[in-house]
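Some notes on the structure that comes next.
Residue numbers (this note's numbering): 3 to 107.
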């Protein structure tokens, strides 16, 4: 599941607190970085925290891994547009997202 709009498949986007998500757009600098849904803010947007592990050299030249956290929001309009079928790709999907085929009408 990659967040693309499809006429033949459906994916449920779980935005409950604690749900695991990942950045879905391949052109994003943080593509495939995983995070967790925290809660909704006062405006109804979903707050999320993403963590990316980065290897850096310290002052001695030894490599160590540092976890970089980034808090961001998924605007409520993304979900509204997805339900209306007006966005081509959602910026996030669930880590364990599964697509279901839709019957042709």
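Built from N, CA and C at the ideal position, the CB exists for glycine as well.
Item                                                                                                                                                                                       : Value
Under DSSP, the beta strand (DSSP E) around residue 31 begins and ends at which residues?                                                                                                  : Note, residue 31: premise wrong, no beta strand (DSSP E); not H, not E.
On the criterion of 16 or more Cβ atoms from any shown chain inside 10 Å, does residue 48 qualify as buried, or is it exposed?                                                             : buried
Grab me the residues of residue 84's own chain with a C-beta within less than 7 angstroms of its C-beta, minus the 5 sequence neighbours each way, in chain order.                         : 92
Can you confirm whether the segment 27-46 touches the segment 59-66 when touching is taken to mean that 3 or more C-beta pairs between the two stretches lie within less than 8 angstroms? : no
Terminal residues of the continuous beta strand (DSSP E) containing residue 75?                                                                                                            : 65-76
Going by DSSP, what residues sit across from residue 14 in a beta bridge?                                                                                                                  : Answer is none; residue 14 lacks a bridge partner.
Which residues mark the beginning and the end of the beta strand (DSSP E) in which residue 105 is found?                                                                                   : Residue 105 -> no beta strand (DSSP E), and no H or E assigned at all.
Do residue 11 and residue 102 come within 8 angstroms of each other at the CB atom, strictly closer than that value?                                                                       : yes
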